Amino acid sequence: MSKSAAIFCLLSIFAETNKRMAITVEKFTFNPFQENTFVVHDGSVCVIIDPGCYFAEEGEQLVRFIDENGLKPEAVLLTHAHLDHIFGCDYISKHYGIDAYMHEKDLFTLDLAERSATAYGIPGVVRPETPNKLLQGNEVLKFGEMEFEVLFTPGHCVGHVVYVNRSEDFVINGDVLFAGSYGRVDLPGGDMATLKTSIFDVMFKLPDTMVVYSGHGPETTIGQEKLTNYILQS
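For the sequence shown, our numbering gives the first residue as -5, with consecutive numbering after it.
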């Protein structure tokens, strides 16, 4: 093989490897709370994070996207168990026969699902089944070409976690940080001092360039929030 042919071959392998490694984050905004559900995939396998599909057409939209793109679901990941983030947990996990992951401390929040639905006037909500994979924090989860570091970030609720993908420089952050703001702490299990610790000692230690995908609203970055987030004034 000539030198130029060898170089071309190596470049082709490199390009194909990069193509396989590329990770896509697809966002869907669902339910009366306008919650962001994420399908994260490497072009082959996917995970569904915080499936908030409440209406039948929302669940159908999520399944249609997964199936039409030829993706193989491997897990449901929950950042936390507030009502708006778990509406579709049972539907998706049972439809695809996949594991569901959640921090063990948020069983407390999960148990409040039906009571919360009643308080918000949302009918037809039954407590989802307990996820079969309970987390403690600091795990590394691998699905296909994707790797997520699980960081424990309580404060918005007692068992909140975020899922960090360092190779692609993003975090699925649930309701810890929002663009310019932060998660509420006036629901059962919420605590402002604990949330501030999670933000300053965990989230703000992540790279400034890291993209933050929040449970509500638009994306932001760690660097932007370190400069402008309202938590800095509280």
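C-beta: ideal position from N, C-alpha, C; glycine also. What you are looking at is a predicted structure, and each value in this text was computed from that prediction instead of being measured.
- In the DSSP assignment, Lys190 falls within the alpha helix (DSSP H) that extends over 186 to 195.
- The straight-line gap separating the alpha-carbon atoms of Pro26 and Phe81 is approximately 11 Å.
- A contact is defined here as three or more CB-CB pairs under 8 Å, and the region 152 to 162 fails this definition with respect to the region 119 to 127.
- Within the region 16 to 67, the complete beta strand (DSSP E) segments of 3 residues or longer fall at 18 to 24, 29 to 35, 39 to 43, listed in chain order.
- Membership of Gly217 in any beta strand (DSSP E) is not indicated; the residue belongs instead to the alpha helix (DSSP H) covering 216 to 222.
- Ranked by Cα distance from Ile225, the options Val205, Leu171, Leu181 are led by Leu171.
- For Thr18, same chain residues with a beta-carbon under 6 Å away, outside a window of 5 residues either side, are His35 in chain order.
- In the DSSP assignment, the residues bridged to Gly168 are Ser208.
- By the beta-carbon neighbour count (other beta carbons within 10 angstroms, threshold 16), Pro67 is buried.
- Boundaries of the beta strand (DSSP E) harbouring Leu128: 127 to 129, taken from the DSSP string.
- Ranking Gln28, Met186, Thr73 by CA distance to the CA of Glu52 puts Gln28 first.
- For Lys199, there is no enclosing beta strand (DSSP E), as DSSP marks it with neither H nor E.
- Judged by DSSP in its simplified three-state form, Asp180 adopts coil rather than helix or strand.
- Rounded to whole angstroms, Tyr48 and Ala113 show a C-alpha spacing of 16 Å.
- Around the beta carbon of Val120, fewer than 16 other beta carbons lie within 10 angstroms, which makes this residue exposed.
- For Lys88, the uninterrupted alpha helix (DSSP H) segment begins and ends at 83 to 90.
- The DSSP-derived three-state label of His79 is helix.
- According to DSSP, residue pairing for Phe146 in a beta bridge involves Val155.
- Cβ-Cβ distances below 7 Å link Pro182 to Leu106 in the same chain, with the five nearest sequence neighbours on each side left out; the list follows chain order.
- In summary, Ala50 is exposed, with fewer than 16 beta-carbon neighbours lying within 10 Å of its beta-carbon over all protein chains present.
- Contact check for Asp169 against Pro201 fails: the beta carbons are separated by 8 Å or more.
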